[in-house]
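Presented below is the structure to which this report refers.
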Amino acid sequence: MRCEACSSSSLCARYAPVSTTAPSRSSLKRRPFFFYFFNRYFFNCKPSISCSTNRPTDSSSSSSSLSTSSYSRRWYNPLRRRQLDETPDIERHWVEADQPLLASLERFTVASYNILADRNASWHKDLYSNVPYSYMNWDRRKRLICKELIGWNPDIICLQEVDKYFDLSDMLATAGYLGSYKMCNAASRRLLIGNIHVLYNPRRGHVKLGQIRSLFSRAQNLSEKWGNAPAVLAGDFNSTPQSAIYKFLSSSELNVMLYDRRELSGQRSCHPAQVLGLKQQFSSPLKLIDGLLKDCWTDEEIKVATGKTTCNIAVHPLKLNSSYATVRGSLGTRGSNGEPLATSYHSKFLGTVDYLWHSDCLVPTKVLDTISIDVLQRTGGLPCKGIGSDHLALVSEFAFTTPTNVGINATT
9 MRCEACSSSS
19 LCARYAPVST
29 TAPSRSSLKR
39 RPFFFYFFNR
49 YFFNCKPSIS
59 CSTNRPTDSS
69 SSSSSLSTSS
79 YSRRWYNPLR
89 RRQLDETPDI
99 ERHWVEADQP
109 LLASLERFTV
119 ASYNILADRN
129 ASWHKDLYSN
139 VPYSYMNWDR
149 RKRLICKELI
159 GWNPDIICLQ
169 EVDKYFDLSD
179 MLATAGYLGS
189 YKMCNAASRR
199 LLIGNIHVLY
209 NPRRGHVKLG
219 QIRSLFSRAQ
229 NLSEKWGNAP
239 AVLAGDFNST
249 PQSAIYKFLS
259 SSELNVMLYD
269 RRELSGQRSC
279 HPAQVLGLKQ
289 QFSSPLKLID
299 GLLKDCWTDE
309 EIKVATGKTT
319 CNIAVHPLKL
329 NSSYATVRGS
339 LGTRGSNGEP
349 LATSYHSKFL
359 GTVDYLWHSD
369 CLVPTKVLDT
379 ISIDVLQRTG
389 GLPCKGIGSD
399 HLALVSEFAF
409 TTPTNVGINA
419 TT
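In the numbering used here, each residue's number is its place in the sequence shown (first place is 1) plus 8.
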């Protein structure tokens, strides 16, 4: 299978991978995995070709050198910590598609996981005030993250918030996942993989739209270049299923002037207390004044969102479907539109922001179901005993629905 990759950060910068010859490891399965590196990405495709042997300066030694006492003081909050034995057991199950497919169809599995960068966990400790400090330890979290990923056995892994790459690559390599890139022979399948971590800031919806629009435009160009290759676009889109940005993702267009740019993502309506019904919403004078300004889009903001100062309609060229919305899950894990009720949980957010989008010529055959709100609530927040991040990983198996030779003769 041939893979092409595009990744995004801050209006999508793409970096060409470098190929060098790797040592032969016949006993090792070759699997591709993708990393989001803040402003760059690491692309890999099977078979294995080594990309780099130089380790970054902020390696795992800095975290492992912390003493137990210093790390405890870093997170310790005795008034707000829960007892470790109160954490519920976490179980996730595969959910099959309703429509059975031919067993002969070629299939592959993609995992998308925002793993919570250790740097971000340190900078935003207030988001994890209910999480025992031992659960925030990077050495512990990285083992849980790799255990989850290896246990699900995906063919392709897309990660977001990776700031200690070699910690993960070394562990994943033992399971046959190698960071690599190689052009395959002409008889191979072609598949486009996009991996994105959209800006978090809820008030900057115009930037979110610009990032997504730019990634999708690049994906369309690459797909056409490779004979309309099917695409899977994964990542943390920092937008909820009820948001205007989700509407843009699923319908391919959005009139931005109909929305407050600060509410485009829907994130500000997903505080845990709101989601769990623990407090009522009220309108303060400041909120009312703030609401009166919702139509005040500047020309620059319109240009970032739509690509043109003279156009109020943001569009993207892809026809996409969400794998989780297509394969319905169990009661208690999904919302009215089929998306998970929650893929992220910390002290200021409980909701869904992660997705696996796919184009035509691919159909999801099964997905790894998420966790019910009730169970998540009992954890008090992520990370927890069995999960190493503040997000849940999304995993979906896809099948090709087109003949193998589609797109093979495309011009490179």
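Virtual Cβ for every residue (Gly too), placed ideally from N, Cα, C.
Whole angstroms is fine: what's the gap from residue i's alpha carbon to residue j's?
i       : j       : result
Val-240 : Val-371 : 10 Å
Ala-407 : Thr-334 : 13 Å
Gly-394 : Asn-345 : 28 Å
Thr-5   : Thr-341 : Any question about residue 5 goes unanswered here, given that the chain covers just 9 to 420.
Asn-52  : Ser-355 : Model confidence at Asn-52 stands at a pLDDT of 35, short of 50, so the residue's coordinates are unreliable; what they give is reported in the following sentence. Approximately 35 Å, taken between the alpha carbons.
Asn-263 : Ile-321 : 4 Å
Ser-380 : Leu-358 : 12 Å
Ile-253 : Glu-309 : 15 Å
Asp-134 : Leu-326 : 38 Å
Trp-234 : Glu-104 : 30 Å
Ser-222 : Pro-238 : 18 Å
Asp-93  : Ala-183 : Any reading at Asp-93 must be qualified, since the residue scores a pLDDT of 49, below 50, and its modelled position is unreliable; the value itself is stated next. Roughly 31 Å separates the two Cα atoms.
Thr-378 : Ala-401 : 8 Å
Asp-268 : Tyr-185 : 43 Å
Thr-373 : Asp-97  : 27 Å
Leu-272 : His-132 : 23 Å
Glu-405 : Leu-266 : 36 Å
Arg-148 : Gly-389 : 17 Å
Ser-251 : Ser-277 : 10 Å
Ser-177 : Leu-167 : 11 Å
Ser-367 : Ser-231 : 10 Å
Lys-316 : Gln-385 : 43 Å
Ser-225 : Gly-343 : 29 Å
Tyr-173 : Ala-227 : 25 Å
Throw me the rounded Cβ distance for the residue i and residue j pair, which I believe falls under 8 Å.
i       : j       : result
Thr-95  : Asp-163 : Their Cβ separation, rounded to whole angstroms, is 31 Å, which puts Thr-95 and Asp-163 out of contact at 8 Å.
His-324 : Ser-260 : 5 Å
Glu-102 : Leu-376 : Note on identity: in this sequence residue 102 is Trp, with Glu being the wrong assignment. Right, the Cβ-Cβ distance comes to about 6 Å (below 8 Å), so this counts as a contact.
Thr-491 : Pro-249 : Only positions 9 to 420 of the chain appear in the structure, and residue 491 is not among them; the question remains open.
His-279 : Ser-352 : Not really, about 12 Å apart at Cβ, beyond 8 Å.
Thr-409 : Cys-369 : 6 Å
Leu-152 : Ile-165 : Their Cβ separation, rounded to whole angstroms, is 15 Å, which puts Leu-152 and Ile-165 out of contact at 8 Å.
Trp-305 : Ser-330 : 28 Å between Cβ atoms; not a contact.
Leu-180 : Cys-154 : 6 Å
Val-139 : Gly-218 : Actually they are not in contact, since the Cβ atoms of Val-139 and Gly-218 sit about 33 Å apart, beyond 8 Å.
Are the Cβ atoms of residue i and residue j separated by less than 7 Å?
i       : j       : result
Leu-124 : Ser-397 : yes
Lys-150 : Asp-175 : yes
Ser-137 : Ala-242 : no
Pro-1   : Tyr-143 : Not covered by the structure: residue 1. The range shown for the chain is 9 to 420.
Tyr-332 : Phe-245 : no
Val-383 : Trp-160 : no
Nearest to residue i by CA position, among the options, is which residue?
i       : options                               : result
Arg-7   : Lys-233, Leu-199, Ser-380 and Lys-133 : Outside the shown range of the chain (9 to 420) lies residue 7, about which nothing can therefore be said.
Arg-127 : Asp-97, Glu-169, Gln-107 and Glu-99   : Glu-169
Glu-99  : Leu-135, Ile-253, Gln-107 and Ser-338 : Ser-338
Ser-247 : Asn-236, Arg-270 and Asn-229          : Arg-270
Cys-319 : Arg-197, Glu-347 and Asp-307          : Asp-307
Ser-130 : Asn-138, Trp-146, Ala-119 and Ser-120 : Trp-146
Glu-347 : Lys-255, Leu-284, Val-312 and Cys-304 : Lys-255
Gln-275 : Val-383, Gly-343, Arg-212 and Leu-157 : Arg-212
Thr-122 : Arg-197, His-205 and Tyr-185          : The displayed chain sequence assigns Asn, not Thr, to residue 122. Nearest of Arg-197, His-205 and Tyr-185 to Asn-122, Cα basis: His-205.
Gly-202 : Asn-229, Ser-177 and Asp-178          : Asn-229
Arg-197 : Asn-236, Ala-281, Arg-336 and Val-312 : Asn-236
Lys-216 : Leu-257, Lys-316 and Leu-167          : Leu-257
Val-283 : Lys-316, Leu-349 and Ser-177          : Leu-349
Gln-107 : Arg-336, Ser-225 and Ser-231          : Arg-336
Ile-220 : Gly-343, Leu-328 and Ala-281          : Leu-328
Any chance you could list the beta strand (DSSP E) runs of at least 3 consecutive residues sitting entirely within the segment 349–408, in chain order?
-> Segments of the beta strand (DSSP E) lying fully in the segment 349–408: 352–354, 357–359, 362–366, 370–376 and 402–408.
Contiguous beta strand (DSSP E) assignments of at least 3 residues, all confined to the segment 184–252 | 198–205 and 239–244
Within the segment 108–194, note down every full beta strand (DSSP E) run reaching 3 residues or more, in order along the chain.
-> 115–122 and 164–168
Complete beta strand (DSSP E) runs within the segment 302–343 (minimum length 3 residues, chain order) | Here the runs fully enclosed are 321–323.
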